[in-house]
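Enquirer: Below is one structure. I have some questions about it.
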Amino acid sequence: TEAESQMTIKNPVNPSVLKSFRHHVNQLIVPPGTAASSLHLDEMDCFSLCGLESTNQAQKIYAHNQKQNVAYQTKLFAEQSSSVLVIVQGFGFSGKDTLIRKL
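Residues in the sequence shown are numbered consecutively from 11, following my numbering.
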């Protein structure tokens, strides 16, 4: 819609870099019902930047997403017609409390 296009904030990261980043991140998604025995976590690079050249690019993406989320949150609050349910799931010490405090 026109209102959504006005809320869209231009991402400061090159589109081809974003495409590569999304591709890498999508490979980390585990489909529901996947057997734990089929996961090979020892083969995953826990220090991977998911196709990004530097942590600076990751920080730019994070800052962009944060601005975009504020715009959507402002729209939701202004309309007062919708709600958002956020479900946070993770093992102990996975950062759930920190995430909730920052929300």
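Think of the CB as a built atom: it goes at the ideal place given N, C-alpha and C, for glycine as much as any other residue.
The structure presented is a predicted model; accordingly, all values stated were derived computationally and were not measured.
Could you round the C-beta distance between valine 23 and glutamine 67 to whole angstroms and report it? I think they count as a contact, below 8 Å.
Expert: The Cβ separation is near 6 Å, so the contact holds.
Enquirer: Within 10 angstroms of its Cβ, does leucine 62 collect 16 or more other Cβ (buried), or is it exposed?
Expert: When all chains shown are included, leucine 62 counts as buried.
Enquirer: Would you tell me roughly how many angstroms separate the C-alpha atoms of phenylalanine 87 and glutamine 37, rounded to the nearest one?
Expert: Roughly 34 Å separates the two Cα atoms.
Enquirer: Hey, could you find the ends of the alpha helix (DSSP H) valine 96 is sitting in?
Expert: Where valine 96 is concerned, there is no enclosing alpha helix (DSSP H), given that its DSSP letter is neither H nor E.
Enquirer: When you compare the CB positions of phenylalanine 155 and cysteine 56, do they come within less than 8 Å of one another, or not?
Expert: Residue coverage of the chain in this structure runs from 11 to 113, which leaves residue 155 outside it and unanswerable.
Enquirer: So, for valine 98: in the same chain, excluding its five sequence neighbours on each side, which residues have a beta-carbon less than 8 Å away from its beta-carbon?
Expert: Closer than 8 Å at Cβ, skipping near neighbours: Lys106, Leu109 and Ile110.
Enquirer: Could you give the distance in angstroms between the alpha-carbon of lysine 116 and the alpha-carbon of glutamine 76?
Expert: The displayed coordinates of the chain run from 11 to 113. Any statement about residue 116 would go beyond what the structure contains.
Enquirer: Helix, strand or coil: which one does DSSP assign to leucine 86?
Expert: Note: leucine 86 maps to helix in three-state DSSP.
Enquirer: Is DSSP giving glutamine 37 helix, strand or coil here?
Expert: Here glutamine 37 sits in coil by DSSP.
Enquirer: Roughly how many whole angstroms lie between the Cα atoms of threonine 44 and leucine 51?
Expert: Going by the C-alpha atoms only, they are around 13 Å apart.
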